[in-house]
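Trainee: Heads up: the sequence shown runs through residues 1 to 169, numbered per the UniProt record's numbering. Cβ coordinates follow ideal geometry from the N, Cα and C atoms, glycine included.
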Amino acid sequence: MGNYIDLYDGLESEGIHMSNAMTSVIISVLVLAGSRLAVTERQKELIVWLAYQDQSIRGIGTVGFSFNEIPWSKESFPAEKQFLASVIREAVSEAGWLTLDYQPNKARVATLLEKLDDMLKRFEITYVDEQNYAEWKEIFQESFPEGFQLCPRHDALMSEWGCVVCHDS
Ligand SMILES: [Zn+2]
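1) Could you tell me how far apart the beta carbons of Tyr133 and Ser73 are, in whole angstroms, since I believe they sit closer than 8 Å?
2) Mind pulling the beta strand (DSSP E) runs of 3 or more residues that sit fully within the segment 13-99?
3) Expressed to the nearest angstrom, what Euclidean distance is found between the alpha-carbon atoms of Leu84 and Gly34?
4) Sorted by chain position, which residues of the same chain lie with C-beta nearer than 7 Å to Gly64's C-beta, five sequence neighbours on each side aside?
5) Is it buried or exposed for residue 188, if we count other Cβ within 10 angstroms and need 16 for buried?
6) When you compare the CB positions of Ser159 and Ala51, do they come within less than 7 Å of one another, or not?
7) To the nearest angstrom, how far is it from the Cα of Leu7 to the Cα of Thr23?
8) If you measure from the CB of His154, is any heavy atom of ligand 1 nearer than 6 Å?
9) Under the three-state reduction of DSSP, which class applies to Asp117: helix, strand or coil?
10) Cβ of Val165 versus every heavy atom of ligand 1: is any distance shorter than 6 Å?
11) Give the DSSP-derived three-state secondary structure of Leu7 in the structure shown.
Following this line, the structure appears as structure tokens:
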């Protein structure tokens, strides 16, 4: 059990494997950091996509993903990649952790985030499938006709199911 994050479908051996509990922590710290950094609509969309990786709704052990499932756009791919790298850095710096009602295991979280950063560096635009962004955009617009929603408790961008960080508590 647990969840895998892979570089892209078919390259599972290069990915990381996490317990279900650790997956929730990683998603939470990325959403906390990303919600604080995201300024543009594109950046917020990427973080809301992460907020959808919510095991409490989708089921335990079902939220693994490949990097090519992230709704990248080819047009601003380098900027999106740079943004996610800064989100990982901020997550390592414990952005928003004070809003959590538990203390994540700093060493384990940092190790996993560093591996994610390595994967991000290796992820290239040739793996981007823009169909994912097109589909995501539709889901997103249906879920949020009035725009982005922030959890008042965590300042975290929410999915249509609410706050992934609240659900992790
Ligand atoms: Zn919350």
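Mentor: On the basis of the data shown:
1) Position 133 of the sequence shown, counted from the first residue, corresponds to residue 133. Position 73 of the sequence shown, counted from the first residue, corresponds to residue 73. Correct: roughly 5 Å between the Cβ atoms.
2) 16-18
3) Within the sequence shown, residue 84 is the residue found at index 84, counting from 1. Within the sequence shown, residue 34 is the residue found at index 34, counting from 1. So the alpha carbons of these two residues sit roughly 8 Å apart.
4) One-based indexing of the sequence shown puts residue 64 at position 64. Correct list, in chain order: Asn3, Tyr4 and Ile5.
5) Residue 188 lies beyond the residue range present for the chain, which begins at 1 and ends at 169; the question has no answer from this structure.
6) Walking along the sequence shown from the start, residue 159 turns up at place 159. Walking along the sequence shown from the start, residue 51 turns up at place 51. Contact flag set, yes.
7) By one-based count along the sequence shown, residue 7 stands at place 7. By one-based count along the sequence shown, residue 23 stands at place 23. Straight-line Cα distance between these residues: approximately 16 Å.
8) Walking along the sequence shown from the start, residue 154 turns up at place 154. Under cutoff, so the answer is yes.
9) Translated into positions along the sequence shown, residue 117 becomes position 117. Helix, per DSSP.
10) Counting from 1 along the sequence shown, the entry for residue 165 is found at position 165. Yes - ligand 1 has a heavy atom lying nearer than 6 Å to the Cβ of Val165.
11) As a position in the sequence shown, residue 7 is number 7, starting the count at 1. In this structure, Leu7 counts as coil in the three-state DSSP scheme.
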